[in-house]
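So the sequence lines, in the order shown, correspond to chains A and B. Just so we're aligned, residue 97 is where the first sequence starts under this note's numbering, counting upward by one. Just so we're aligned, residue 97 is where the second sequence starts under this note's numbering, counting upward by one.
There are 2 protein chains.
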Amino acid sequence: MPEPSDAAADAAEPSLEEQIAAYQREFQDLDPQVEQVVSALQRLNRRMNVAYGRQTATLGLSNAEWEVLKALVVSGAPYQLGPGELAKRLGLTPAAMTHRIDRMANEGLVTRERDEANRVRVIVELTDEGREKWLEAMRLASVFEEDLLQDLNGAERHLLGQVLTRLLRRVEDAQPDADGRLSDLD
Amino acid sequence: MPEPSDAAADAAEPSLEEQIAAYQREFQDLDPQVEQVVSALQRLNRRMNVAYGRQTATLGLSNAEWEVLKALVVSGAPYQLGPGELAKRLGLTPAAMTHRIDRMANEGLVTRERDEANRVRVIVELTDEGREKWLEAMRLASVFEEDLLQDLNGAERHLLGQVLTRLLRRVEDAQPDADGRLSDLD
DNA sequence: GCTTCGAACTTTAGAGTTGAAGTCTTCAGG
DNA sequence: CCTGAAGACTTCAACTCTAAAGTTCGAAGC
């Protein structure tokens with residue numbers, strides 16, 4: 097069996113601190129405090145998505161499907177949206193939405209039918225089964241989220257929520273949502 | 097031209113507050129404070145990724161390529177890593193890494209060569225051009241990040257960084273990185 | 001030294017996405 | 001009416017990722 101090898105191949109996954117130190121070494125103008133916030137935010141979000149993915153998988157749901165269910169639930173009763181609107185909210189192209197709805201309709205999570213009042217439009221509607229799946233996933237997610245924030249007291253939670261919301265408002269104002277397509281994940 | 101239509105099709109993109117209100121309506125047990133933190137975090141990260149994507153695009157770089165550049169820079173001089181190691185750090189399968197390296201080598205951002213000391217291994221190395229691209233992207237990113245945090249004073253930045261890092265540590269400890277594959281984006 | 005096992009990467013087939021072109025429907029004008 | 005223009009969705013080809021083989025090389029056993 098080959099040794100663990102020292103041939104410039106492992107070097108162990110860098111911790112957040114090591115990552116920031118490396119950036120500073122290569123780019124002197126970097127503000128370490130800013131980078132700490134940004135990098136922690138990105139890593140945290142990434143790990144959370146992994147966790148959500150595992151949870152929804154236990155329900156036989158992909159993360160992609162969960163996104164659709166969430167959008168429909170947020171839209172409120174009667175839980176109907178058009179493919180185009182869904183695509184915009186999820187940051188996908190309409191083409192991708194078409195196929196995703198195909199799959200979900202086959203699984204019975206949503207129905208797809210033409211709007212008889214305006215036959216150009218299509219209406220995607222959550223089924224009872226889809227709504228139930230969303231609820232199950234939500235139960236799992238809320239347990240995970242509560243556990244994640246466990247070490248933060250009420251004041252800290254409030255403060256964190258406020259600060260993040262302020263930052264969010266800043267980005268949303270700055271970006272007039274010129275289409276709102278997201279490009280990749282981190 | 098069809099009217100803006102009232103046929104259950106638009107309903108305007110929901111704000112963060114509206115989204116949380118909708119969740120509460122459908123799932124009584126939800127803690128609105130927890131949800132505020134989680135939802136703001138996710139939306140913020142998403143918008144940031146859109147912004148990063150636009151910036152790197154102006155440099156002729158995809159977000160995917162930028163991820164590779166970052167990993168190589170963080171690894172430090174001589175900026176070498178194997179495909180397998182890169183794949184693990186980016187949360188991709190080795191197969192995907194093979195193709196991504198193909199593309200980037202064609203563009204001259206990295207080189208790929210067999211390790212002559214151990215011919216099973218392959219060494220991916222950052223080129224000078226790749227390093228320069230990273231630097232340009234980093235300059236853009238740091239401006240954006242500084243602007244994003246502009247409204248936060250030093251104490252707030254510090255606190256935010258600390259709290260996020262605490263949360264990150266909690267997730268990383270809880271998930272023994274059972275492979276570290278990430279499943280989807282939000 | 002030949003064989004076997006394991007490690008690291010690549011190849012292949014299939015799912016899912018994008019961007020561009022195509023279809024169908026509605027509305028406005030002549 | 002009949003035609004033209006625009007909107008909403010779908011179809012098609014090219015690309016990227018995953019999962020599962022396949023290939024190549026190195027190390028250990030007999």
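We put the CB at the ideal spot given by N, CA and C, even for glycine.
Is Gly172 of chain B near Ala108 of chain A, with beta carbons less than 7 Å apart? The Cβ-Cβ distance between Gly172 of chain B and Ala108 of chain A does not fall below 7 Å.
How is Leu245 of chain B classed by DSSP in three states: helix, strand or coil? Here Leu245 of chain B carries a coil assignment [DSSP, helix/strand/coil].
Mapping DSSP to helix, strand and coil, what is Glu268 of chain B? The three-state secondary structure of Glu268 of chain B, taken from DSSP, is helix.
Any C-beta of chain A sitting closer than 7 Å to the C-beta of Leu236 of chain B? No, its Cβ sits nowhere closer than 7 Å to a Cβ of chain A.
Sort out for me which residues DSSP pairs Gln176 of chain B with in a bridge. Residue pairing from DSSP places Gln176 of chain B in a beta bridge opposite B:Glu221.
Partner residues on chain B for Glu225 of chain A, Cβ-Cβ distance less than 9 Å: Correct list: empty, because the minimum Cβ distance to chain B is about 15 Å.
Cβ shell of Ala201 of chain A (< 7 Å), same chain only, five flanking positions each side left out: If we look at Ala201 of chain A and ignore the five residues flanking it on each side, its Cβ neighbours are Thr207 and Arg208.
Thinking just about the alpha-carbon of each residue, which of A:Val133, A:Tyr148, A:Ala167 and A:Glu221 is nearest to the one in Pro174 of chain A? Checked all of A:Val133, A:Tyr148, A:Ala167 and A:Glu221; the closest Cα to Pro174 of chain A is A:Glu221.
Figure out for me which residue from A:Glu232, A:Arg266, A:Gly250 and A:Glu241 has the closest Cα to the Cα of Asp243 of chain B. Looking at the Cα atoms, A:Arg266 is the closest of the given residues.
Interface residues of the stretch 245–267 of chain A facing chain B [CB-CB below 8 Å]: Of all residues in the stretch 245–267 of chain A, Leu245, Gln246, Asp247, Leu248, Gly250, Glu252, Arg253, His254, Leu255, Leu256, Gly257, Val259, Leu260, Thr261, Arg262, Leu263, Leu264, Arg266 and Val267 have a Cβ within less than 8 Å of some Cβ in chain B.
At a CB-CB cut-off below 7 Å, which residues of chain B make contact with Pro110 of chain A? The CB of Pro110 of chain A comes closer than 7 Å to the CB of Val170 in chain B, given here in chain order.
Quick one: is Val239 of chain A buried, meaning 16 or more other Cβ sit within 10 Å of its Cβ, or exposed? Around the beta carbon of Val239 of chain A, fewer than 16 other beta carbons lie within 10 angstroms, which makes this residue exposed.
For Gly226 of chain A, tell me which candidate among A:Leu248, A:Arg199 and A:Arg210 has the shortest Cα-Cα distance. Here the closest residue by C-alpha is A:Arg199.
Where the alpha helix (DSSP H) through Arg196 of chain B begins and ends: Bounds of the alpha helix (DSSP H) holding Arg196 of chain B are Pro190 to Asn202.
Please classify Ala183 of chain B as buried or exposed, where buried requires at least 16 other C-beta atoms within 10 Å of its C-beta. Label assigned to Ala183 of chain B: buried.
Cβ-based neighbour list, Trp230 of chain A, same chain, cut-off 6 Å, excluding 5 preceding and 5 following: Cβ neighbours of Trp230 of chain A within its own chain (closer than 6 Å, five residues either side excluded): Leu165 and Val169.
Sheet register partners of Val206 of chain A (DSSP bridge): Beta-bridge pairing links Val206 of chain A to A:Leu222.
Determine whether the Cβ of Glu122 of chain B lies closer than 7 Å to any Cβ atom of chain A. The C-beta of Glu122 of chain B comes closer than 7 Å to at least one C-beta of chain A.
At least one CB of chain B closer than 7 Å to the CB of Leu186 of chain A: is that the case? Not closer than 7 Å to any Cβ of chain B, the Cβ of Leu186 of chain A fails to qualify, so no.
Assuming Val134 of chain B and Gly178 of chain B are in contact, meaning their beta carbons sit under 8 Å apart, how far apart are those beta carbons, in whole angstroms? Rounded, the Cβ-Cβ distance is 36 Å, inconsistent with contact.
Chain-ordered neighbours of Met200 of chain A on chain B, where CB pairs are closer than 8 Å: Against chain B, a Cβ distance below 8 Å from Met200 of chain A picks out nothing, because the smallest value is about 15 Å.
Contact with chain B by Leu77 of chain A, beta-carbon distance below 7 Å: Past the boundaries of the shown model lies residue 77 of chain A; chain A is included only from 97 to 282, so the question cannot be answered.
Would you kindly work out how many angstroms separate the C-alpha atoms of Leu248 of chain B and Arg185 of chain A, rounded to a whole number? The alpha-carbon atoms of Leu248 of chain B and Arg185 of chain A are separated by roughly 29 Å.
In or out: Gly257 of chain A buried (at least 16 other Cβ within 10 Å) or exposed? That one is buried.
Does the distance from the C-beta atom of Asn141 of chain B to that of Gly149 of chain B stay below 7 Å? Not a contact, by the Cβ cut-off of 7 Å.
So Glu232 of chain B contacts chain A; which residues on that side make the cut at Cβ distance below 7 Å? Under a criterion of Cβ atoms nearer than 7 Å, no residue of chain A is adjacent to Glu232 of chain B; the nearest Cβ is some 11 Å distant.
Any beta carbon of chain A sitting closer than 7 Å to that of Glu203 of chain B? By this cut-off, Glu203 of chain B is not an interface position.
Going by C-alpha to C-alpha distance, which of B:Leu255, B:Ala136, B:Asn145 and B:Leu157 sits closest to Leu263 of chain A? If we check each option's Cα against that of Leu263 of chain A, B:Ala136 comes out closest.
Same chain, Cβ closer than 8 Å to Leu112 of chain B, neighbours up to 5 away in sequence not counted: So the qualifying residues of the chain are Gln132, Ser135, Ala136 and Arg139.
Can you check whether the CB of Ala233 of chain B is closer than 7 Å to the CB of Trp162 of chain B? Closer than 7 Å, so yes.
Beta-carbon spacing of Arg253 of chain A, Gln115 of chain B below 7 Å: Against a cut-off of 7 Å, the Cβ pair of Gln115 of chain B and Arg253 of chain A comes out as no contact.
So is Glu209 of chain A in contact with chain B if we call contact Cβ pairs under 7 Å? Cβ-Cβ to chain B under 7 Å: no for Glu209 of chain A.
Range of the contiguous alpha helix (DSSP H) that encloses Leu216 of chain B: According to the sequence as given, residue 216 of chain B is Val; it is not Leu. Taken as a continuous stretch (DSSP letters only), Val216 of chain B belongs to no alpha helix (DSSP H), as it is neither H nor E.
Between the CA atoms of Gly180 of chain B and Val216 of chain B - distance to the nearest angstrom: Here the alpha carbons of Gly180 of chain B and Val216 of chain B stand approximately 12 Å from one another.
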